[in-house]
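A.B. asks: Quick one: the structure is below, questions incoming.
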Amino acid sequence: MKKLILPVLLMLSVFAGFALSQTKRSVAPRRTKTTIVKRTVTPKKIVTTKSVVVKKSAAVTTPSGLTYIVTQPGTGAQLKAGDMVMVHYTGLLTNGTKFDSSLDRNEPISFQLGAGRVIKGWDEGLQKLRIGDRATFFIPPALGYGARGAGSVIPPDATLIFIIEVVGVQ
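Shown next as structure tokens:
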């Protein structure tokens, strides 16, 4: 069972990343439910029906349990604690339901990295990225909203998926 979770999550991130790039191209972003596309899993790669390939080795899991994949490398400076970062994001539950997106508001969020102004998974994961990076975070409950969840939107003990684009640093 555990061996199947990572490939399924990787597939969801690939599709969600594709959906994010499609949403950015449209003038008026649409609110849609992300669906998982049919996939074939092989030992070395995951292939979707849209011919998007992500190598399993691209996923990095930190000691805290955060898993992230840089889906499009940026060329800017490495982010560090104390930076005022600007980030576009789309948040998904593991069933593919979108619960929030800065793209729907056409405005990135800004916050001081490492100051506890966002969930722990973001503070940790963003410090692994550079300006211009696009990445997908798989955030375990302990680094997200934990047993309390977040209102009626995020259930207790939910693993969260975030598609992130680092827009810049102020």
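For what it's worth, numbering that gives the first Met the number 0 labels the leading residue of the sequence shown as 0, then goes sequentially. No residue lacks a Cβ here, since even glycine has one placed at the ideal position from N, Cα and C.
For P140, is the classification buried or exposed, using 16 other Cβ atoms within 10 angstroms of its Cβ as the cut-off for buried?
C.D. replies: Its Cβ being crowded by 16 or more others within 10 Å, P140 is buried.
A.B. asks: By DSSP, does E164 sit in helix, in strand, or in coil?
C.D. replies: Reduced to three states, the DSSP call for E164 is strand.
A.B. asks: Measuring straight from C-alpha to C-alpha, what distance separates G145 and A76?
C.D. replies: Using only the alpha carbons, I get a separation of about 31 Å.
A.B. asks: Report the three-state DSSP secondary structure of R176 (helix, strand or coil).
C.D. replies: Past the boundaries of the shown model lies residue 176; the chain is included only from 0 to 169, so the question cannot be answered.
A.B. asks: Tell me, please, whether the region 126-137 touches the region 76-95 by the rule of three or more beta-carbon pairs shorter than 8 Å.
C.D. replies: Yes, the region 126-137 is in contact with the region 76-95.
A.B. asks: Which value, in whole angstroms, describes the spacing of the CA atoms of I68 and A134?
C.D. replies: I68 and A134: Cα-Cα distance of roughly 5 Å.
A.B. asks: Closest to F161 by CA distance: which of G131, K97, T74 is it?
C.D. replies: Answer by Cα proximity: K97.
A.B. asks: Using the DSSP secondary-structure output, state which residues sit across from Y144 in a beta bridge.
C.D. replies: Per DSSP, none; premise fails for Y144.
A.B. asks: If V86 sits next to I130, beta carbons under 8 Å apart, how far is it from one beta carbon to the other, in whole angstroms?
C.D. replies: Actually they do not touch by this definition, with Cβ atoms about 10 Å apart.
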